[in-house]
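Undergrad: First residue of the sequence shown: -17, per our numbering; consecutive thereafter.
Just so you know, even glycine gets a beta-carbon here, dropped at the ideal spot from N, CA and C.
Please read through the structure below; I'll follow up with questions.
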Amino acid sequence: ATSSAQVTVRNDPRSNVSALALGAQYALMSQIADRMRAAYAGQRQVDALRAVLDRSTAGASAEVVSTTAWLRATIDSAVGPDASAKSIGKFRDANEALAGQLNAQDNADHAPNAGMLAAFAKAASDLASTYDAWARVSQRNLSVLNVLRVRLGLTPIMAPSR
């Protein structure tokens, strides 16, 4: 059984922020959350490919092992080392920066100021650059390994999808 009730939502009487300012804050918070989801998805793709690469070298030729190591190093260079390293990687860095911005927005009712908008624009740009680097690695560089794998009669490795 379901029931329904009508409610009235009112602003906190201690807050003197306009509805327009709250709308702008909500819009920024939504954009931040969207970019955080994108960063998380990107890191999952990276982790998935690294896991497949780690499993793919068991019993493989020295040439496959060497080319796989080159691809792992290329991934590390493009998007940062894996979570076991001291640096947490560019997707995780982006997510952390965005989480800080989301927390700052959530701590008070206010319209985003120029500094907040600039910080978001920088984080979004950094994330886009990381995605571009990841696309190059997961498409172009992975194909180098796959050409070798096919030539040796091995199954190609598929790039993780979004």
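Could you please give the first and the last residue of the uninterrupted alpha helix (DSSP H) stretch that includes residue 28?
TA: Unbroken alpha helix (DSSP H) run through residue 28: 1 to 38.
Undergrad: From residue 54 to residue 96, what does the alpha carbon distance come to, in whole angstroms?
TA: Computed Cα separation, rounded: 39 Å.
Undergrad: Given that a residue counts as buried once 16 or more other Cβ atoms are within 10 Å of its Cβ, and exposed if not, what is residue 105?
TA: Residue 105 comes out buried.
Undergrad: Can you tell me which of the three DSSP states residue -6 falls into?
TA: DSSP places residue -6 in coil when its eight states are reduced to three.
Undergrad: DSSP state of residue -12, grouped into three classes?
TA: Residue -12 falls in the coil class under three-state DSSP.
Undergrad: Excluding the 5 residues preceding and the 5 following residue 121 in the sequence, name in chain order all residues of the same chain whose CB lies nearer than 7 Å to its CB.
TA: Within the same chain, residue 121 has close Cβ partners 141.
Undergrad: Pick out whichever of 8, -16, 143 has its Cα sitting closest to the Cα of residue 90.
TA: The shortest C-alpha separation from residue 90 is found at 8.
Undergrad: Starting from residue 121, trace the alpha helix (DSSP H) in both directions and tell me its first and last residue.
TA: Careful: residue 121 lies outside any alpha helix (DSSP H) and carries neither H nor E.
Undergrad: Let me confirm a value: residue 133 is counted as buried when at least 16 other C-beta atoms fall within 10 Å, else exposed. Which label applies?
TA: Exposed.
Undergrad: Pick out whichever of 18, 10, 116 has its Cα sitting closest to the Cα of residue 93.
TA: If we check each option's Cα against that of residue 93, 10 comes out closest.
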